[in-house]
Amino acid sequence: MAMGLNGSSRGRGRGKRRAPMAEINVTPLVDVMLVLLIIFMVTAPLLTSGVPIELPDSRANPLDQEPDQVTISLDRQGAVFIDDDRVPEGGLAERLAALHHGGKPPLVTLRADRGIDYGRVMAVMGELNHAGFNSISLVTNGSGEAP
240 MAMGLNGSSR GRGRGKRRAP MAEINVTPLV DVMLVLLIIF MVTAPLLTSG VPIELPDSRA
300 NPLDQEPDQV TISLDRQGAV FIDDDRVPEG GLAERLAALH HGGKPPLVTL RADRGIDYGR
360 VMAVMGELNH AGFNSISLVT NGSGEAP
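Converting from the sequence shown to my numbering requires adding 239 to each position, the first position being numbered 1.
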């Protein structure tokens, strides 16, 4: 009978081995995800347009970003860009017609360098109006002081 007790105690001892840990430590995962979130939040506004422009200052409130918006930029030399693609001289009307697919036209944001001639900006706005783009937002830098 003593033999049976010793044998059963050995069996119980073997069954109490520590099982491998099957849980994932989520703390490093959360840390990495928060860092990535911050990086994307900082870089996302910079990816909107790649044309280097010195925007004028304004105290206007910011507008929300639309998913189907088109950005038109005018650099200091007066060259026109649709999103990041340069438009050849005299080809703006054709490119605008290609953007307008019937239905409701996309929202247009116009970015113009502060050193460009005002007449050039008005000429581009006239082309936009002629092509049927009547909702145009002008982009400026935020400024805390009145002009």
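The beta-carbon is built from N, C-alpha and C at its ideal position, and this holds for glycine as well.
- For the options H340, L275 and E366, the alpha carbon positioned closest to that of V319 is the one of E366.
- Closest in alpha carbon position to F372, among G354, K343, L276 and V378, is K343.
- N380 and D296 have their C-alpha atoms some 5 Å from each other.
- Per DSSP, reduced to three states, the secondary structure at T379 is coil, with no helix or strand assignment.
- As computed with DSSP, T348 is found in a beta bridge with T310 and S376.
- Between R315 and I355, the beta carbon gap of about 6 Å places them in contact (Cβ cut-off 8 Å).
- Apart from sequence neighbours up to five positions away, the residues of its chain that approach D307 with a beta-carbon distance below 6 Å are P345, ordered along the chain.
- Burial of S312 is indicated by the presence of at least 16 other C-beta atoms within 10 angstroms of its C-beta.
- Counting only residues of its own chain and dropping the five nearest sequence neighbours on each side, S374 has a CB closer than 6 Å to the CB of L346.
- From the listed residues I321, T348 and R350, the smallest Cα separation to A336 is found for I321.
- Look at R353 here: in three-state DSSP terms it is coil, with no helix or strand label.
- Per DSSP, the continuous beta strand (DSSP E) segment holding V319 begins and ends at V319 to I321.
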